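Please read the structure below before turning to the comments.
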DNA sequence: GCGACTTTGTGCGCGTATTCACAAAGGCTT
DNA sequence: AAGCCTTTGTGAATACGCGCACAAAGTCGC
């Protein structure tokens, strides 16, 4: 996030920036920013701030963005297509080495300048291009199987968009992006603003510590009556 | 996440589940799971576990998923298209009321059964359909402007995919999903496995607490070649 | 060259999240 | 009906992240 804010400053021709300004741009507290940056070393100048260009370089280096990373995208549905065309990857040193799918009607198509290849060739492509990061954008049912294959082929970092918890051996990193969970979190807060669950049983004070037993409070029935019984029993 | 794991159990016809099993499925510690669930009330049976169907209902209700939420998607590029076609929304009570874009060559197109409408009609659509959640999938430059408009029109929850920090008034919730940051995080860990920044200056022990001063840290020379000197010096 | 001013780097305290570990609770078997 | 066995719910301990506040460090003006 700091890198993003710094790039933006760089575009505007700003040469130096104080922790206060950069923190505001990144949406964090300035003390936190200074502490974070201090973990990289002491790159600021007291009384002045940080030199933008130098800081960009140091952060990029620490994040490993000064080298190229080879990525394979598994699953070329709507999401896979969006990822293939996402400009944010190339600009940060991520090179997409392959788009792979199991569907023969998709294999061979040209997407964002790349040809979709059959999933059978997964292992070849990983080995040939030195893929170290796999992006899984398959349906949930296929995700674990694909994950196992990429890991077996030597990939040690996985970005998972499928709504499942992937299990991997030690030494393999997995990150998960779950679009519908993000919406659910928003819906939860939205509901809170409107006055608690179903507008009749507000959560006390916040989620943590709030022990709101559904005291006789029958929760609205979807499958219906049985739940009311369950609560009242 | 618990809801997702429970749905999966439900599909397999499992009637009851212990905290241990559910925690494993969701990828968390079982004590944490029990504490989380206890905040909703006491819905487990000692010696037995939790009834899957009942728990699904209680969590859904607490999250506000027993009611419908109306969503507008702003920006119909690759990502907007993927979101429009994402099945995970409808199945959790999220209804897409509109796809909006500023590009006349996109307006009028049919995507996933919905017609893309011009951004001029944003305020109408929000008011007419009672949109409470806006999804921003525009380019970075347009995001803050669109955010201001949806907030002015009464939306109080925003899911932002654009790589900028949105500023909003108090009372409005913003969540951010940043695809390239996820990849950068993976790249960082990948680099760590391979032996630190550039393979010559490993971070000590971990990020927090690691004060890897750029020993002999001479100040701040701009220009790529000089950075290498700075590090090697 | 010196003093005032600005801004970094960080010690400290606070609140929260996470985990352990166990007593209480309930079902199941005999 | 009584006791055993399983599993929950939670107090206590620990770990962690965040922000405040300030001393140290460096710049800029005079």
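Protein chains in written order, with the working numbering: chain A, 1 to 233; chain B, 1001 to 1233. From the three backbone atoms N, C-alpha and C, an ideal C-beta is built for every residue, glycine too. No experiment lies behind these values; they were computed from the predicted model shown.
At a cut-off of 8 Å between beta-carbon atoms, residue 64 of chain A makes contact with chain B.
The Cβ atoms of residue 1157 of chain B and residue 129 of chain A do not sit closer than 8 Å to each other. Leaving aside the five residues that flank residue 1108 of chain B on each side, the residues in its chain whose CB is nearer than 7 Å to its CB run, in chain order, 1115 and 1116. The C-beta of residue 115 of chain A comes no closer than 8 Å to any C-beta of chain B. Within its own chain, the residues whose Cβ lies closer than 7 Å to the Cβ of residue 68 of chain A, once the five positions on either side in sequence are excluded, are 93 and 95, listed in chain order. Counting only runs of 3 or more residues that sit fully inside the stretch 1063-1124 of chain B, the beta strand (DSSP E) segments are 1069-1074, 1094-1101 and 1114-1118, in chain order. Under the Cβ criterion (8 Å, minimum of three pairs), the stretch 1041-1052 of chain B counts as touching the stretch 1013-1023 of chain B. Nearest Cα to residue 138 of chain A within the set B:1070, B:1039 and B:1087: B:1087.
For the beta strand (DSSP E) assignment, the uninterrupted runs of no fewer than 3 residues enclosed by the stretch 1023-1054 of chain B are, from N- to C-terminal side, 1049-1051. Close CB contacts of residue 61 of chain A within its chain, under the 8 Å cut and outside five residues either way in sequence, are absent. Judged by DSSP in its simplified three-state form, residue 1149 of chain B adopts helix. Listed along chain A are 64, each with a C-beta nearer than 7 Å to that of residue 1191 of chain B. Minimum Cα-Cα distance from residue 193 of chain A among the listed residues B:1140, B:1155 and B:1054 corresponds to B:1155.
Interface annotation for the stretch 143-170 of chain A against chain B: 156, 157, 159, 163 and 165, criterion Cβ-Cβ distance under 7 Å. For residue 157 of chain A, the uninterrupted beta strand (DSSP E) segment begins and ends at 157-160. Sequence-distant Cβ neighbours of residue 30 of chain A in its own chain, meaning closer than 6 Å and more than five residues away, are 19, 20 and 23. Interface criterion met: the Cβ of residue 86 of chain A is under 8 Å from a Cβ in chain B.
For residue 109 of chain A, no CB of chain B lies under 8 Å from its own CB, so it is not counted at the interface with that chain. Judged by DSSP in its simplified three-state form, residue 56 of chain A adopts helix. Within the model, the alpha-carbon separation for residue 101 of chain A versus residue 113 of chain A is close to 16 Å. For the pair residue 1004 of chain B and residue 1147 of chain B, the Cα-to-Cα distance works out to about 30 Å. For residue 1090 of chain B, the closest alpha carbon among the candidates B:1077, B:1071 and B:1025 is that of B:1071. Only those residues of the stretch 1014-1041 of chain B whose C-beta falls short of 8 Å from the nearest C-beta of chain A are listed: 1025, 1026, 1027, 1038, 1039, 1040 and 1041. When secondary structure is reduced to three states using DSSP, residue 134 of chain A falls in the strand class. Straight-line spacing of the CA atoms in residue 195 of chain A and residue 1040 of chain B works out to 16 Å. Exclusion of the five residues before and after residue 1150 of chain B leaves 1134 as the residues of its chain whose Cβ lies within less than 6 Å of its Cβ. Under the three-state reduction of DSSP output, residue 1175 of chain B falls in the strand class.
Residue 140 of chain A is a Cβ neighbour of residue 164 of chain A, given a cutoff of 8 Å. In the DSSP assignment, residue 1007 of chain B falls within the unbroken alpha helix (DSSP H) covering 1002-1011. In this structure residue 187 of chain A is not in contact with residue 1083 of chain B, their Cβ atoms being roughly 16 Å apart against a cut-off of 8 Å. Under a criterion of Cβ atoms nearer than 7 Å, the residues of chain B adjacent to residue 173 of chain A are, in order, 1186 and 1189. At a Cβ-Cβ threshold of 8 Å, residue 111 of chain A and residue 81 of chain A count as neighbours. Residue 63 of chain A and residue 1144 of chain B do not touch by the CB rule: their CB atoms are close to 26 Å apart, not below 8 Å. Excluding its 5 nearest sequence neighbours in each direction, residue 1132 of chain B has C-beta neighbours in its own chain below 7 Å: 1069, 1070, 1155, 1156 and 1157, listed in chain order. Pairing residue 1055 of chain B with residue 1122 of chain B gives a Cβ-Cβ distance that is not under 8 Å.
Not a single CB atom of chain B sits nearer than 8 Å to the CB of residue 119 of chain A.
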